[in-house]
DNA sequence: TTTATTTTGTACCATTTCGCATAAAATCCT
DNA sequence: AGGATTTTATGCGAAATGGTACAAAATAAA
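Chains as they are written, first to last, in the numbering used here: chain A, -9 to 196; chain B, -9 to 196.
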């Protein structure tokens, strides 16, 4: 059933859509995720979503607009799962929760190792595309901020030293996420990266 | 003058080349570096190198072969500059030297912020291209190994604790390099990244 | 000087890619 | 039932892309 942005059902006038916009965008995102922005053709997106080209165009706009929508969506989902993981009681569990949740996103049954969508595809386009670059950069800064907040919390809870540099800790935490993103796409096995994450958490929280 | 791989001049039979193969490959690499593998056309490479298409084909092969040659070259150069930086007396200087040398490669006068060639372009192709993936992964493993060696040296010199986990330290050192690579291409200013590197070194060597 | 060899430069071809025009289909409103 | 509205489906066309054929040019060897 078609819904508006409040989630309530809406009576549309003409022929009903044959697709779910959110699901279609997720399929398009997966295609970009696998092949990169430049490496993905509209024909592939059309095949992945099951939508024909004019429907894609009407729903999302041109290729770049589809990608930008997928990119914004990715950050929203990423931040949501991150917040959930950071909610853990102990700092170590919170950090490891973020890394485990990320890894389960970086490895899939269907596509195998694909890494982080932003690191694997948006960063590549960031030299030529100003808007993609800004969205990527803002997202990374948000990661830093969320980690920093969590370290501050741990600091007040006495889990880490009162004189610890929470900003520096946050940078290392994001750096760990970045290395997981890069290495998973470059073929390092998931189990090895899980061990890497554990070691990194131990180093950061020492 | 044309040279063979030993560097000695060679008398070739027919019409002499109008280009220097090494310089041309560097130009092609810069084009790939900026736009990514899929985002770079042979016309752009032709323009960047000043070579016409048949000459490119004769010298390096097809588009993918040009890219692979550039990729292998990049690692060779990267490892060489890294070895030089790691030669520094004090551990902190060695690490910071690696990061500073990397940043000066990640930012250019001509193209601005472009990040690391491997992280910015090869990682993207790594899902679909087995050979690119293996070269990227092997390179990252070499980075880990070089950092680990340097930490072991520092350990023997008494700069870090005897019970320190040098492998874990190396992972964090490479993670820092990865975050510099990602963030520089995503538009974080060079000065900010230099501060990030300093903080990371302080955290790692604490 | 002539011949053999290698590279260059122009042009071309087949394919892919992107976007859109147009008509048919499916629904709502009167 | 009939018109209005929205989406779907087929297919087209211009441009870009990767690769190569072929003749002219430049050099070394004979």
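Ideal Cβ positions, reconstructed from N, Cα and C, are used throughout, including at glycine.
8 Å contact criterion, which residue i and residue j should meet: CB distance rounded
{"i": "residue 103 (chain B)", "j": "residue 24 (chain B)", "result": "With a Cβ gap of about 10 Å, residue 103 (chain B) and residue 24 (chain B) do not count as contacting."}
{"i": "residue 166 (chain B)", "j": "residue 187 (chain B)", "result": "7 Å"}
{"i": "residue 198 (chain B)", "j": "residue 177 (chain A)", "result": "Not covered by the structure: residue 198 (chain B). The range shown for chain B is -9 to 196."}
{"i": "residue 9 (chain B)", "j": "residue 51 (chain B)", "result": "That pair is no contact at about 16 Å."}
{"i": "residue 183 (chain B)", "j": "residue 46 (chain B)", "result": "Incorrect: roughly 35 Å between the Cβ atoms, too far for contact."}
{"i": "residue 38 (chain B)", "j": "residue 20 (chain B)", "result": "7 Å"}
{"i": "residue 69 (chain A)", "j": "residue 132 (chain A)", "result": "6 Å"}
Residue i (DSSP reduced to helix, strand or coil)
{"i": "residue 26 (chain B)", "result": "coil"}
{"i": "residue 98 (chain B)", "result": "strand"}
{"i": "residue 124 (chain B)", "result": "helix"}
{"i": "residue 190 (chain A)", "result": "helix"}
{"i": "residue 155 (chain B)", "result": "coil"}
{"i": "residue 3 (chain B)", "result": "coil"}
{"i": "residue 14 (chain A)", "result": "helix"}
{"i": "residue 42 (chain B)", "result": "coil"}
{"i": "residue 92 (chain B)", "result": "helix"}
{"i": "residue 178 (chain B)", "result": "coil"}
{"i": "residue 184 (chain A)", "result": "helix"}
{"i": "residue 36 (chain A)", "result": "helix"}
{"i": "residue 110 (chain B)", "result": "helix"}
{"i": "residue 172 (chain B)", "result": "helix"}
{"i": "residue 78 (chain B)", "result": "coil"}
{"i": "residue 9 (chain A)", "result": "coil"}
{"i": "residue 20 (chain B)", "result": "helix"}
{"i": "residue 117 (chain A)", "result": "coil"}
{"i": "residue 54 (chain A)", "result": "helix"}
{"i": "residue 196 (chain A)", "result": "coil"}
{"i": "residue 160 (chain A)", "result": "helix"}
{"i": "residue 148 (chain A)", "result": "coil"}
Residue j beta carbon less than 7 Å from that of residue i
{"i": "residue 59 (chain A)", "j": "residue 109 (chain A)", "result": "no"}
{"i": "residue 49 (chain B)", "j": "residue 11 (chain B)", "result": "yes"}
{"i": "residue 228 (chain A)", "j": "residue 140 (chain A)", "result": "Because chain A here runs from -9 to 196, residue 228 (chain A) falls outside it and cannot be looked at."}
{"i": "residue 112 (chain A)", "j": "residue 159 (chain A)", "result": "no"}
{"i": "residue 57 (chain B)", "j": "residue 22 (chain B)", "result": "yes"}
{"i": "residue 163 (chain A)", "j": "residue 130 (chain A)", "result": "no"}
{"i": "residue 76 (chain B)", "j": "residue 149 (chain B)", "result": "no"}
{"i": "residue 27 (chain B)", "j": "residue 153 (chain B)", "result": "no"}
{"i": "residue 18 (chain B)", "j": "residue 35 (chain B)", "result": "yes"}
{"i": "residue 87 (chain B)", "j": "residue 100 (chain B)", "result": "no"}
{"i": "residue 97 (chain A)", "j": "residue 195 (chain A)", "result": "no"}
{"i": "residue 168 (chain B)", "j": "residue 146 (chain A)", "result": "no"}
{"i": "residue 156 (chain A)", "j": "residue 173 (chain A)", "result": "no"}
{"i": "residue 71 (chain B)", "j": "residue 91 (chain B)", "result": "yes"}
Residues bridged to residue i (per DSSP)
{"i": "residue 48 (chain A)", "result": "Answer is none; residue 48 (chain A) lacks a bridge partner."}
{"i": "residue 103 (chain A)", "result": "A:97"}
Chain B contacts from the segment 7 to 27 of chain A (Cβ-Cβ distance under 9 Å) = 23, 24, 25, 26 and 27
With 9 Å as the limit, tell me which residues of the segment 158 to 184 of chain B have their beta carbon closer than that to any beta carbon of chain A; keep them in chain order.
-> 158, 159, 161, 162, 164, 165, 166, 167, 168, 169, 170, 171, 172, 173, 175, 176, 177 and 178
Can you give me, in chain order, the residues of the segment 113 to 142 of chain B that have a beta carbon less than 8 Å from any beta carbon in chain A?
-> 113, 114, 115, 116, 117, 118, 123, 124, 126, 127 and 130
Going along the chain, which residues of the segment 64 to 98 of chain B sit with their C-beta nearer than 7 Å to a C-beta in chain A?
-> Going along the segment 64 to 98 of chain B in chain order, one finds no residue with a Cβ nearer than 7 Å to chain A.
Which residues, in order along the segment 43 to 66 of chain B, keep a beta-carbon less than 9 Å from a beta-carbon of chain A?
-> Taking 9 Å as the Cβ-Cβ cut-off, the segment 43 to 66 of chain B has no residue approaching chain A.
Residues in the segment 144 to 155 of chain B with C-beta within 9 Å of chain A's C-beta atoms, listed in sequence order?
-> Flagged, chain order: 155.
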